[in-house]
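Written out below as C-alpha cells is the structure these notes cover.
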Amino acid sequence: MAATPAVAAEKSMSGARVRTPRMRMRQMLDRVLTYALLIFFSLFVLIPFAYMISTSLKTEDQLFIWPIRWIPDPIAWSNYPQAFIELSRIAPNLTFWRILANTLFITLLAMTAELIAVSLVAYGFARFQFPLRNTLFIILLSTMMLPGIVTLIPTFLIWRNLQLINTYDPLVTGIWLGGGAWAVFLLRQFLLTIPRDFEEAAYIDGANVLQVFVIIMLPLIKPALLALAVLIFQGNWNNFMGPLIYLNSVDKFPMVMALKFFQESLSKEAPKWHYMMAMSTVMAAPLLLLYFMAQRYFIEGLTIGGVKG
Amino acid sequence: MEAAIQSYWPTLVRWSLVGGALGAMMYLLNTGLQRIGVKRDIARGYAFVLPWIFGFLIFSLYPFFYSFYLSFTEYNIFQPPRWIGLDNYVRMFTSDRNFWPSLRLTMLYAFFNVPLGMIGALGVALLLNRNVRAIGFWRTLYYLPAVLPAAAVALLWRWMFSPSSGLINFFLQPFYALFNMQPLAWFTDPNLVLPAYVIMGMWGVFGANAVILLAGLKNIPRALYEAAQIDGAGTWAQFRFVTIPMLSPTLFYTLVTGIIGALQIFTQAFFITTPQRAGQFLNVLIYQEAFAFRHMGYASAMAWFLLAVILALTLLVIRSSALWVYYESEKG
Chain A
1 MAATPAVAAE KSMSGARVRT PRMRMRQMLD RVLTYALLIF FSLFVLIPFA YMISTSLKTE
61 DQLFIWPIRW IPDPIAWSNY PQAFIELSRI APNLTFWRIL ANTLFITLLA MTAELIAVSL
121 VAYGFARFQF PLRNTLFIIL LSTMMLPGIV TLIPTFLIWR NLQLINTYDP LVTGIWLGGG
181 AWAVFLLRQF LLTIPRDFEE AAYIDGANVL QVFVIIMLPL IKPALLALAV LIFQGNWNNF
241 MGPLIYLNSV DKFPMVMALK FFQESLSKEA PKWHYMMAMS TVMAAPLLLL YFMAQRYFIE
301 GLTIGGVKG
Chain B
1 MEAAIQSYWP TLVRWSLVGG ALGAMMYLLN TGLQRIGVKR DIARGYAFVL PWIFGFLIFS
61 LYPFFYSFYL SFTEYNIFQP PRWIGLDNYV RMFTSDRNFW PSLRLTMLYA FFNVPLGMIG
121 ALGVALLLNR NVRAIGFWRT LYYLPAVLPA AAVALLWRWM FSPSSGLINF FLQPFYALFN
181 MQPLAWFTDP NLVLPAYVIM GMWGVFGANA VILLAGLKNI PRALYEAAQI DGAGTWAQFR
241 FVTIPMLSPT LFYTLVTGII GALQIFTQAF FITTPQRAGQ FLNVLIYQEA FAFRHMGYAS
301 AMAWFLLAVI LALTLLVIRS SALWVYYESE KG
C-alpha cells in the first residue's frame, strides 16, 4: 500500500510511529488550533454565565462601573436574602421558603406521576402485541408535533369546568394522563434493547405481570429512568406557561413566577439587576447541582432520541 | 406555613386518587378482558397503554378538535361560543395590525436561529471529536447554558443587552466612539430585536445540539474514514462524503426539533417584551389574545395557523430529507 501523506498522518495519530519533524509540527499546530477554538467558543458560553453570578454579588452602585469588576468589591452576599425580603414586602406570604416549597411540590409530584405513567405506557408499547399497536404508536409520535398552544385553550376550559383553576392540579394531577410523548418514545427505544429472557424466566417461576414489571423490568431500565427523571425535573422546575395560566394567587407561585412577579412589580422603572440575577442564580442552582452530580444522565437522555432514534 | 399546607393538601389528595383510580382501571381492564376470553398479551398491552389512551383522548384529541371549532367562533368564556364562520381568519389576515409583524418576527427568528445554532453546534462537535483531552470537561462546559432555566437566561440577556449599562454595549464602546454613533438599543430597538434574540437563542441551544451531534459523530465507524483515505480522500472530501451523510439523520433530528422549538418560543419572549413595531412572538400574541383579552375564538384561530405553519415546515423538511438524509438500513 502506497503511503500517501494523509494516510501516514492518520496512522501516526492512531498509534503507528511514522513521524517526520514536519509532520510533528503540523500536528502541534493542529492541536493548538483545536484548543484555541475550543477556548474561544467556551468564552461565548462562560462570559454571560460569569456575568450573571458576578452581578448577583454586586452592590447597586457597582452595577454600572466600567471596566467591569468581575469580582465585586465589596461582595454583597446579602443580595441573596435581600432579594427575597424585597419580594415579601409586597407579597407578605411569598417568602423564600414558601416559594421553594411551592416549586418542589409541583416538580416532585409532576415528576413522580410522569415517570410512573410513562414507564407503564412504554412497557405496553415495547412488550405486548395487540391490535392497533403500531397505529397508536404513530399517533403518539405525531402528538409531539402538536404545538402546546393549540390544545392549551380547551385544556384550560376543562380545568375551569372542574373548578380547579388556581390550584396545583392542572400542573400535577393531569400529568398522570398526559405523560410526555417524547419520554414514552425514549423509554420504549431503551426497552427494545433489553432481551426478554429475564421476564420469561420470571413468568415461568410464576410471577404475575405486575411483579415482572416492578421487580425485573424497573431495575433493568433504571439508567433510562434516571435520564428521564433529570430531564423531567428540569422541565417542571422551569415550566413557566403552566403556572402562568393556572395560578392566580401570589402565595402559590413557584420560583419562575416569583421571578416574573419581581420583574414586573419591583423592577419595572429602575431594574434591580443585582437582585434579579441573585434570584435567577437561586433558581438555576438546584439544576446546576443536579447537572454536576448526574451529568451522565442529562447527556444520555438528550442523545438517545437524536442518535438511536 | 398553615396556608401553604392548605393549598397543597387538596391537590395531594386528588393527585393520589387519580393515580390510584388509574391503577385500578388498568387492573380491571387486564382481568376483565382476559375473563371475556381476550388473549393475555392483548389484555396486558391495552392495560399498560391505558394512561396514554386516556391522556390522548382528553388532553390531545378533544382539545385539538374543540380548538378547531372555537376558531370559527367568538368566545369570551362567560357567554357560550357564537359561530362567526371565517371571520377570525379574515380578521387575522386582513385587519389585525399585530399579526403580520409577529408572524414575520417568529419566522425570521426560526430561519436564523436554527441554521446558525446548528452550524455552531456542528463546529464544536467536530472540534470535540478530534481526540481532545478531557472531553468530559468540555462537554460539561458547553452544555451548561442548556441547564439554566429559560426565565433566568432571558433576564440575563436582557441585562447583557441593556442599552445604557449592559455588558455588550460596554464591550462595543470603543466601536461606538470610533464611528461616533449612539449605543445600540438591542431589545428595545425594533430593528435589533431579531439579532439580539438570535444571539440569545444560540447561546441557549448550541451546546445541547453539540452534545447530540457529538454522540452522532462518535457513532460513525472509523473504518469508513480509513476506507476513504485509502481511496485518497482529503480532509474536506472525508467531511463531505463520510461525515455529513453519516451524520445526516442526527442533523435531521436537530433540524426538525429546532424548527418546532424555535417557532414556539414563549418563556424568553414573555420575559423580554419586544417593541410594538417589531411584533411579538406568535405564542405570546396568542397567549395575550386568549388570557388577557379573553378572545378565545380568535386566539384558537391563530393557534391553528401556527399549527399549519409548523406542519408545513416539518413536512417540507421531511420531504427534502429524501435528498440529503442517509439511512444505512435503507441502502445497504
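Chains as they are written, first to last, in the working numbering: chain A, 1 to 309; chain B, 1 to 332. Backbone N, C-alpha and C fix where the C-beta goes; we use that ideal spot for every residue, glycine too. Bear in mind the structure is a predicted one, so any value in this text is a computation, not a measurement.
- Close to Ala113 of chain A, with beta-carbon spacing below 8 Å, are these residues of chain B in chain order: Trp15 and Gly19.
- Going by beta carbons, Ile212 of chain B and Thr193 of chain A fall outside the 7 Å limit.
- For Ala3 of chain B, the neighbours in chain A by C-beta distance under 8 Å run, in chain order, Asn93 and Asp251.
- At least one C-beta of chain A is nearer than 7 Å to the C-beta of Val147 of chain B.
- In the displayed model, Arg31 of chain A falls within a helix according to three-state DSSP.
- Contact between Phe206 of chain B and Ala121 of chain B holds, since their C-beta atoms are separated by about 5 Å, short of 8 Å.
- The alpha-carbon separation between Arg104 of chain B and Arg277 of chain B amounts to approximately 11 Å.
- At least 7 Å separates the CB of Gly206 of chain A from every CB of chain B.
- Arg196 of chain A has its alpha-carbon roughly 12 Å from the corresponding atom of Phe213 of chain A.
- In this structure the segment 265–277 of chain A touches the segment 77–90 of chain A; the number of beta carbon pairs closer than 8 Å is three or more.
- Among the residues of the segment 34–55 of chain A, those with a Cβ less than 8 Å away from any Cβ of chain B are Thr34, Tyr35, Leu37, Leu38, Phe41, Ser42, Phe44, Val45, Leu46, Ile47, Pro48, Phe49, Tyr51, Met52 and Thr55, in the order of the chain.
- Taking Phe239 of chain B as the centre and dropping the five residues before and after it, the same chain places no C-beta closer than 6 Å to its C-beta.
- Look at Gln211 of chain A: its C-beta is not under 7 Å from any C-beta on chain B.
- For Glu74 of chain B, the three-state secondary structure derived from DSSP is strand.
- Non-local C-beta neighbours of Ser249 of chain A in its own chain, meaning closer than 8 Å and more than five positions away in sequence, comprise Asn166, ordered along the chain.
- In the DSSP secondary-structure assignment, Trp83 of chain B is bridged to B:Thr73.
- The Cβ neighbour count for Asp73 of chain A, taken over all protein chains shown within 10 Å, is under 16; the residue is labelled exposed.
- Residues of chain A with a Cβ closer than 7 Å to the Cβ of Trp186 of chain B do not exist, since the nearest Cβ in that chain sits about 14 Å away.
- Only residues of its own chain outside the window of five on either side were considered, and among them Met277 and Thr281 have a CB closer than 8 Å to the CB of Ile53 of chain A, listed in chain order.
- Here the alpha carbons of Phe233 of chain A and Leu104 of chain A stand approximately 10 Å from one another.
- Between the beta-carbon of Asn76 of chain B and that of Arg319 of chain B there is about 40 Å, and that puts the pair past the 8 Å contact cut.
- Across the structure, Val147 of chain B and Ala284 of chain A are spaced so that their CA atoms are roughly 8 Å apart.
- With a cutoff of 7 Å on beta-carbon distance, Leu224 of chain B and Val198 of chain B are scored as not near each other.
- DSSP places Met181 of chain B in the coil class of the three-state scheme, outside both helix and strand.
- Residue state for Asp231 of chain B is assigned as coil, using DSSP reduced to three classes.
- For the pair Met202 of chain B and Leu116 of chain B, the CB atoms are nearer than the 7 Å cut-off.
- Secondary structure at Val132 of chain B: coil, using DSSP grouped into helix, strand and coil.
- For Trp159 of chain B, the nearest CB of chain A lies under 7 Å from its own CB, placing it at the interface with that chain.
- The DSSP-derived three-state label of Phe240 of chain A is coil.
- Met279 of chain A carries a helical assignment under DSSP once its states are collapsed to helix, strand and coil.
- Within chain A, the residues whose beta carbon sits less than 7 Å from that of Ser165 of chain B are Leu63 and Phe64, listed in sequence order.
- DSSP places Tyr109 of chain B within a helical segment (H, G or I) once states are collapsed to three.
- Taking C-beta separations shorter than 7 Å and ignoring five residues to either side along the sequence, the partners of Val132 of chain B in its chain run Trp138, following chain order.
- Note on Ile71 of chain A: under 16 other CB atoms within 10 angstroms of its CB, so exposed under the neighbour-count rule.
- For Ala303 of chain B, the residues of chain A that pass the 9 Å Cβ criterion are Pro147, Ile149, Val150, Thr151, Leu152 and Ile153, in the order they occur in the chain.
- Within chain A, Ile153 have C-beta atoms less than 7 Å from the C-beta of Met296 of chain B, given in sequence order.
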